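In our numbering, the protein residues as written are 2 to 342. Every residue, glycine too, gets a C-beta built ideally from N, C-alpha and C. Keep in mind it's a predicted model, so treat the numbers as computed, not measured.
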Ligand code: NAD
Ligand code: DAU
């Protein structure tokens, strides 16, 4: 591949993906389309400003004319769609932007890619489309979709549109579904960066409900390597699951973080549960291992320590975001919900 378009590249996973791809493939050019919502941050790719293989175009994946003006140029080998509203709690407060970007935006990309006969399309999806597990079992690619939050419903809808385009139009798409990512540049509304930042400032860590919900953690670079493998070697119409084989309850993870940061457990505050909170996610990623030759490389213990070190070293990056107006507005509505008012 010589040139790919990445959408949502100024967010957490997209920015890690772009950096990794440019390091790994010196001949590759990347065009990054991002609307720069509250979660998009040019600082995430500040080191690429002078890189001639990288181009940033500010814009919305729902804007067909804008998308076509980019796909119009010759030599684009693939589109990788990361762009999304990604936070479950926000989708509970207001689901409209989730449907707009995650569903309508995906549809716009699919139609524009068809028009310009883009040879490859990868939809970055999530394990949350499968719903929730009990104590036993794993999500496989055959598990029925049963999304429980407005966020996961919008992602599942997008997956269904992609599936329908493959079936109806022979559209050359692949879908990937991954578990919870951790690593550098994650927006500090998500559990890990929020709790690291709060703990460092001796603020409380709001654990939802009992804290017994389980997530399967994967380092963001392992996810990015999986997306790359699926982009290059995945079969059209197929879904590939990625996970880190690292299941933990939220409360165990919170206690581990506090230990690594040398902070007391008295900072833990049990708060109102997330409405509809999924109990457990766990991924069976054997298909990706067998068909793509992929497997997670980063051991959780080392990856978590490196992640903590990154957030400590890049405290300004976190503080710049946390002082933003948009986040303050959200924080207010959100803390009202947590306290039940
Ligand atoms: P993020 O919120 O950090 O980044 C999303 C990016 O998309 C931002 O840069 C934002 O500006 C951009 N964006 C939003 N709406 C847009 C629009 N209409 N047009 C153009 N750009 C727009 O999200 P993330 O955590 O990096 O997630 C990226 C993708 O990976 C999402 O599709 C998400 O569903 C999926 N995913 C995330 C995880 C995870 O653990 N974070 C796990 C599995 C899958
Ligand atoms: O599983 C993949 C998904 O992982 C992605 O599709 C989503 O985009 C991503 O945001 C993430 O969703 P989660 O809802 O699992 O992530 P979050 O960091 O919001 O929460 C992780 C767990 O921690 C979840 O069980 C809720 C809980 N939690 C979260 C926050 C922010 C708390 O207990 N307290 C908190 O303050």
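When you compare the CB positions of residue 2 and residue 85, do they come within less than 8 Å of one another, or not?
No, the pair does not count as a contact, with Cβ atoms beyond the cut-off.
Once DSSP output is grouped into helix, strand and coil, what is the label at residue 18?
helix
Quick check on residue 342: does DSSP put it in helix, strand or coil?
Since pLDDT at residue 342 reaches only 46, below the 50 mark, its modelled position is unreliable, and the value read off the structure follows with that caveat. Of the three classes helix, strand and coil, the one that applies to residue 342 here is coil, per DSSP.
My guess is that residue 243 and residue 219 are in contact by the Cβ rule of under 8 Å, so how many angstroms apart are they, rounded?
6 Å
Can you tell me where the beta strand (DSSP E) with residue 242 in it begins and where it stops?
Its beta strand (DSSP E) spans residues 240 to 243.
For residue 20, I'd like the list of residues in its chain whose CB is within less than 8 Å of its CB, leaving aside the five on either flank, ordered along the chain.
46, 48, 49
For residue 216, which of 280, 307, 184, 320 has the nearest alpha-carbon?
280
With DSSP collapsed to three states, give me the class of residue 264.
coil
Considering Cα atoms alone, identify which of 192, 109, 53 is closest to residue 72.
109
Closer than 7 Å to a non-hydrogen atom of the ligand NAD - does that hold for the CB of residue 308?
No.
So, with DSSP's three-state summary, where would you put residue 95?
coil
Assuming contact is defined by CB atoms lying nearer than 8 Å, are residue 250 and residue 213 in contact in what I supplied?
Yes.
Just to confirm the assignment, what range does the beta strand (DSSP E) spanning residue 122 have?
The continuous beta strand (DSSP E) containing residue 122 extends over residues 122 to 127.
Measuring alpha carbon to alpha carbon, tell me which residue in 5, 124, 17 is nearest residue 238.
124
Please report the residue range of the beta strand (DSSP E) in which residue 30 lies.
30 to 35 is the extent of the beta strand (DSSP E) around residue 30.
Anyone know if the C-beta pair for residue 176 and residue 240 falls short of 8 Å?
The answer is yes: Cβ separation under 8 Å.
According to DSSP, what are the bridge partners of residue 177?
125, 241
If you follow the alpha helix (DSSP H) that residue 200 is part of, which residue opens it and which one closes it?
192 to 201
Using the beta-carbon count (16 or more within 10 Å), is residue 116 buried or exposed?
exposed
Starting from residue 217, follow its DSSP beta bridges and name the residues at the other end.
248
If residue 203 sits next to residue 299, beta carbons under 8 Å apart, how far is it from one beta carbon to the other, in whole angstroms?
About 29 Å; that fails the 8 Å criterion.
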